[in-house]
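**Student:** So that we are looking at the same thing, I have put the structure below in structure tokens.
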Amino acid sequence: MVLGVVLSQVYRALLLRPLVVAVSNVPGNAGDMLALLLESGSWIVLTIAGFVPTVAVRAARRARVDAIEHDLPLALELFATMAEAGLGFDAALTRIVRAQGSERPLATEFLNFQHDMMAGMSRAQALRQLGRRVDVPSVTTFTSALVQAEQVGASMAETLQHQAVDLRQRRRENALLQAQALPVKLVFPLVVCFLPGIFATTLAPVLFQMVQVANGVLSSGR
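Residues in the sequence shown are numbered consecutively from 775, following this note's numbering.
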């Protein structure tokens, strides 16, 4: 909102007066209408600028969530494979972070998880903190399963394997749902983009012939 107010003031101070003077030379009522439109431009700038930060934050959040959901299946597969090979959870986590690169959002959150544990948190507390911080359903399910496995003493390798299988199944179901919804999403682009061209291609020759016939009738009437 502050950004919108600042931009609105800049618009009024630097751009509004020169633009109003320029459109005042337009003959008729058009100049007055353009001047009125320019006067309301500050409110338009204020409204747009007020939405820009929200849209930017939502886009950044969506990109982060997409990156985490993209990296999580491979991380789970690596977790399960290394756990079955006898590697400990912490050592496997270090290798996964190294393999993914610290610039990836999921690897960054795993690093924060390790820092929480080094700061004195228990693994269960650090996992819960990881789930709350990321706030992505698949990660929350993953951390909850690990917390439960640690509390009941279940095998970490089996838990990770089950999580990897469940995540693959959920991704497959989501892909099927998106494929089923695709025809509905294509209706609007088809109607807007293709139907006008089809109508123009189909009706243009007919309209051209009708114009020719009308011209012929008018010419013969003269």
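From the three backbone atoms N, C-alpha and C, an ideal C-beta is built for every residue, glycine too.
Note that this is a predicted model, so its numbers are computed, not measured.
Helix, strand or coil for L861, going by three-state DSSP, please let me know.
**Tutor:** Three-state DSSP puts L861 in coil, outside helix and strand.
**Student:** Please state if the CB of A854 and the CB of L934 are separated by a distance shorter than 8 Å.
**Tutor:** For L934 and A854, yes; Cβs fall inside 8 Å.
**Student:** Which word fits V926, buried or exposed, when buried means at least 16 other C-beta atoms lie within 10 angstroms of its C-beta?
**Tutor:** Flag for V926 reads exposed.
**Student:** Which residues mark the beginning and the end of the alpha helix (DSSP H) in which G905 is found?
**Tutor:** Residues R897 to V908.
**Student:** Can you tell me whether E877 is helix, strand or coil according to DSSP?
**Tutor:** E877 falls in the coil class under three-state DSSP.
**Student:** Going by alpha carbons, who is nearest to A931 out of V831, L852 and T882?
**Tutor:** For A931, the nearest C-alpha among the options comes from L852.
**Student:** Alpha carbon to alpha carbon, how far is A857 from F962?
**Tutor:** Approximately 49 Å between the Cα atoms of the pair.
**Student:** Take the Cβ of F887 as the centre, count every other Cβ of all protein chains shown within 10 Å, and call the residue buried at 16 or more, exposed below.
**Tutor:** Looking at its Cβ environment, which holds 16 or more other Cβ atoms inside 10 Å, F887 is buried.
**Student:** Is F973 buried or exposed, if buried means 16 or more other CB atoms sit within 10 Å of its CB?
**Tutor:** Classification for F973: exposed.
**Student:** Measuring straight from C-alpha to C-alpha, what distance separates L848 and P827?
**Tutor:** Taking the straight line joining both Cα atoms gives about 33 Å.
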